[in-house]
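The structure appears right after this line, and notes come after that.
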Amino acid sequence: MKRLMLVAAAGVMCGAMAARADWPEFRGPYGDGHVSAPGDTKLIGLPLTWSESNNVAWKTEIHDKGWSTPVVMGGQVWMTTATIDGHDFFVVCVDAATGKILHDDKLFHSDNPEPLGNNVNCYGSPSPAIEPGRVYVHFGSYGTACLDTSNSKVLWKREDLKCRHYRGPASSVILFENTVILTMDGVDLQYLIALDKQTGKTIWKTDRTTKWNDENSTSKFAKDGDLRKGHSTPLIVDVGGSLQMISTGAKASYAYEPRTGKELWHICFDGSWSSAPMPVFAKGLALITTGLGKTEFYAVKPDGHGDVTDTHVAWKLDKDVCKTSSPIVVDDLLYMINNDGTALCIEVATGKIVWREHLPGNYAASPIYGDGRLYFCNQQGKTTVLKPGRTFEVLATNSLDGSFMSSPAVAGKSLFLRTKTHLYRIDP
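Sequential numbering of the sequence shown, starting at 6, is according to this note's numbering.
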């Protein structure tokens, strides 16, 4: 998956933004969890080992609760958090050099937030996005805002985007040309919307076209509304010279024109809902996780139109598939880890499993790749560093106090690791 690289090749603004930000969005400068551009073999010097007493440049407590991945630019680290009860929503900016909190502002308030009904999500899960001079923060239907990064001044807000998240918002912000694109897959409404970066006004809005068949279902999940929810973040890629935005919702994954929101194709998968992993794109295939329930992994040829369920699936898997953590591709191999720690290495072209191994702990954070290493952070505070390849090889195992729900971010040689309670800067 080489989203921003491909977009840059197509001549859009996102590529320029990526070149100026260290970690601009949830999955980094290239939208794929890679620290460096594909083909760049220059070593950055990322840390391999650390602990609470080793290689920690600083450790800063972040109040309340947030799973959002930090974004890093211009010596600033931005993230969101929210009160446990979902009444108040904040943006926090930390100095990347010292760990000092520069800004800590309450942006939104909700008198009656809907209970999460689970112990996995929180009210501060969607990751922000950053570009020169502006950071965009999002809490689903509870509010979206654009802030000036020099002083944390709010430039615009939207609090009118309706969606009953039910289990809490989770889909992250992506930036494309002059737009901020948001994903709103709720119990009642399911749509994508593009806002003008300068004003916050709506440029386009596209409803999901899924045909629901859960009205008469006796399933508890159908009754509660889970079967219509989604948590995934879109991916923009170049397919034969044309841009596509691949986005997974409940029961289906779609491709849209990112400039207009027009639907291009979709693939249906009954029995799945609440997909969280972000798609990846490699070897001309869109690589998609279906979600909870009947969890499968699809490799889809993206050159179709309309319903391509029966015509464009190159291969699929139905065992040990990632449910929360996003997959990652290095060269010809795809890596994923499921919630219980089963890790797979898979040939992208064929779907053949190269190895299946178990890593300790439980996983929600998405892995990153840099300096020829894969970093997997678990909910017990451990990070396992693997050497990618056809032979399973652990390079290091590192521990910090706390639990990782947020995915790592990188700036220069430093790792920024967010636990449930603190933000760390790890240096080599």
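Heads up, the beta-carbon is just placed ideally off N, CA and C, and yes, glycines get one too.
Secondary structure remark: continuous beta strand (DSSP E) runs of at least 3 residues inside the stretch 270-355, in chain order: 285-287, 290-294, 302-305, 318-322, 333-335, 338-342 and 347-352. For A199, there is no enclosing alpha helix (DSSP H); the enclosing beta strand (DSSP E) covers residues Q195 to D201. Taking C-alpha positions only, K387 is separated from D376 by approximately 19 Å.
The Cβ-Cβ distance between L187 and V178 falls below 8 Å. Three or more beta-carbon pairs drawn from the stretch 214-222 and the stretch 230-243 are found closer than 8 Å, and the two stretches are therefore classed as touching. Between the stretch 390-400 and the stretch 38-46 there are fewer than three inter-stretch CB-CB distances shorter than 8 Å, so the stretches are not counted as touching.
Relative to the Cα of G417, the nearest Cα in the group P34, A42 and I49 belongs to I49. Residue pairing by DSSP places L391 opposite L379 and V399 in a beta bridge.
In this structure, DSSP gives K111 an extended state, which the three-state scheme calls strand. Residue burial is scored here from C-beta neighbours: S404 has fewer than 16 other C-beta atoms within 10 angstroms and is therefore classed as exposed. Short of 8 Å from the beta carbon of G138, and not among the five residues preceding or following it, lie these beta carbons of its own chain, in chain order: D153, T154 and S155. Beta-bridge pairing by DSSP links R139 to E136 and D153. Selection H236, A227 and K158 evaluated against D190 yields H236 as nearest (Cα-Cα). Pairwise C-beta distances place the stretch 141-149 out of contact with the stretch 251-259, as fewer than three of them are shorter than 8 Å.
By the neighbour-count definition (other C-beta atoms within 10 Å, threshold 16), K105 is an exposed residue. Between Y368 and T329, the C-beta spacing is below 8 Å.
With 16 or more other Cβ atoms inside 10 Å of its own Cβ, N383 counts as buried.
Per DSSP, the unbroken beta strand (DSSP E) holding F94 starts and ends at D93 to D100. Ranked by Cα distance from Y340, the options K299, A287 and H310 are led by A287. The continuous alpha helix (DSSP H) containing F226 extends over residues K225 to D229. Linking I67 to Y303 through their CA atoms gives a straight-line distance of about 37 Å. Distance from the Cα of T426 is smallest, within the candidate group S371, G71, V61 and G309, for G71.
Pairing D69 with I89 gives a Cβ-Cβ distance under 8 Å.
The beta carbons of F421 and V82 sit closer together than 8 Å. In the three-state reduction of the DSSP assignment, L428 falls in the strand class, which pools E and B.
Taking C-beta atoms under 8 Å as the contact rule, T74 and A414 qualify, at a distance of about 6 Å. Just measuring C-alpha positions, the residue of W161, G245 and E262 sitting nearest K210 is E262.
Residue environment for N123: exposed (fewer than 16 other C-beta atoms within 10 angstroms of its C-beta). Distances from the CA of R172 to each of V97, A281, K64 and S224 were compared; the closest alpha carbon is that of A281. The C-beta distance from I241 to F144 rounds to 23 Å, too long to meet the 8 Å contact threshold.
Contact annotation, A370 with L53: C-beta distance approximately 18 Å; criterion of less than 8 Å not satisfied. For L232, the three-state secondary structure derived from DSSP is helix.
Of the candidates L292, D308, K299 and A199, L292 places its Cα closest to the Cα of W320. A Cβ-Cβ distance of about 4 Å is found for the pair T347 and D325, placing them in contact under the 8 Å criterion.
For A42, the secondary structure class from DSSP, reduced to helix, strand or coil, is coil.
In the structure shown, M410 falls within a coil segment according to DSSP collapsed to helix, strand and coil.
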